[in-house]
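Using full-length UniProt numbering, you'd call the opening residue of the sequence shown number 1 and step up by one each time.
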Amino acid sequence: MQLSSGDGPGHDEIDMEFMGNSTGQPVALNTNVWANGDGKKEQQFYLWFDPAADYHTYTIIWNAKNVIFKVDDLFLRCFTRHADLPYPGAKPMAVHATLWDGSYWATQRGKVKVDWTAAPFVASYRGYSADACVPAGAGRPLACPAGTGRWMRRRPSAAERGTVAWAKKNYMRYNYCDDGWRFPKGFPAECSRG
C-alpha cells in the first residue's frame with residue numbers, strides 16, 4: 001500500500017510494501033518515505049508472523065510532525081519531520097494498493113526470481129478505513145473531518161518509542177541510515193537527528 005502524489009520527479013510518497021521471500025523464510029515489510037522527489041529512506045523489518053495466514057492491521061499515521069508506521073497497534077517506525085529537510089505534506093496524495101515484481105531489488109538484490117508458475121498472486125484487504133484531511137482550495141485551510149485533531153497532533157509516547165526500539169533491535173532487516181554502500185558520501189541528514 002502506498003500514499004502517493006503521483007509519478008513526477010517532485011512527488012511525495014509513503015509506502016508499506018511486503019517484500020518477496022524464499023519459501024520458508026520470514027516475510028519482510030518495507031517502509032519508505034519520499035518528499036519532493038527525495039526518497040531512498042527505506043527501513044525493512046522481518047515480520048514476526050506469516051502475513052498470509054490471517055489478516056493484520058497496517059496503519060500509517062501521517063501528520064505535520066511525523067509519519068508513523070504501525071502493525072497490529074505496534075509502533076514499528078517513526079519518521080520525524082525536520083524543518084530544514086524535505087517532508088511529505090505540500091501535495092495531496094491518493095492511496096494505491098498494487099502487486100508488482102520488485103525482484104530486482106526486493107529479494108537478495110535480485111538473486112531470487114519470481115516463480116511465475118505460482119500465479120495467480122492475490123492480495124486481500126478488509127476493514128479499510130481512512131481519516132484524512134483534504135485540500136479545500138488555494139489559500140484555504142484543509143478540510144478535516146470531526147475527530148482528526150487527535151491524530152493531527154499525534155506523536156509517539158515513551159512506551160511507543162520503546163516498541164520502535166524493540167522492533168529495530170529484534171526485527172530490522174535493513175536501515176538506509178546504515179547503508180554506506182548506498183550513501184558513500186555520507187548518510188542523509190535525518191539519520192543523525194533521530
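C-beta: ideal position from N, C-alpha, C; glycine also.
Paired residues, beta bridge with W34 - DSSP: The count along the sequence shown starts at 1 and reaches residue 34 at position 34. In the DSSP output, where bridge partners are listed per residue, W34 has E13.
Work out the CA separation of A119 and G20 for me, nearest whole Å. Walking along the sequence shown from the start, residue 20 turns up at place 20. Walking along the sequence shown from the start, residue 119 turns up at place 119. Each residue's alpha carbon lies about 14 Å from the other.
Which stretch, first to last residue, makes up the beta strand (DSSP E) that contains A158? In the sequence shown, counting from the first residue as 1, residue 158 sits at position 158. Counting along the chain, A158 falls outside any beta strand (DSSP E), though it belongs to the alpha helix (DSSP H) covering 158-171.
In whole angstroms, what separates the C-alpha of W116 from that of D50? Your numbering for residue 116 matches position 116 in the sequence shown. Your numbering for residue 50 matches position 50 in the sequence shown. Each residue's alpha carbon lies about 21 Å from the other.
Expressed to the nearest angstrom, what Euclidean distance is found between the alpha-carbon atoms of A94 and S4? Along the sequence shown, one-based indexing puts residue 94 at 94. Along the sequence shown, one-based indexing puts residue 4 at 4. Computed Cα separation, rounded: 5 Å.
Among G6, N30, E42, Q25, which has the Cα closest to the Cα of Y176? As a working note, residue 176 is residue 176 in the sequence shown. Of G6, N30, E42, Q25, the residue nearest in Cα terms is E42.
Where does the unbroken beta strand (DSSP E) through W62 begin, and where does it stop? Position 62 of the sequence shown, counted from the start, is the residue given in the question as residue 62. Taken as a continuous stretch (DSSP letters only), the beta strand (DSSP E) holding W62 covers 58-62.
Compute the distance between the beta-carbons of Q44 and R173, then report whether it is under 8 Å. Numbered from its first residue, the sequence shown carries residue 44 at position 44. Numbered from its first residue, the sequence shown carries residue 173 at position 173. Yes. Within cutoff.
Output the distance between the C-alpha atoms of V71 and Y55, rounded to the nearest integer angstrom. One-based indexing of the sequence shown puts residue 71 at position 71. One-based indexing of the sequence shown puts residue 55 at position 55. Near 11 Å, if we compare the C-alpha coordinates of Y55 and V71.
One question on the structure: do I68 and P156 come within less than 8 Å of each other, judged by their Cβ atoms? Position 68 of the sequence shown holds residue 68. Position 156 of the sequence shown holds residue 156. Cβ atoms of I68 and P156: closer than 8 Å.
In three-state DSSP terms, what is T117? As a working mapping, residue 117 is identified with position 117 in the sequence shown. In this structure, T117 counts as helix in the three-state DSSP scheme.
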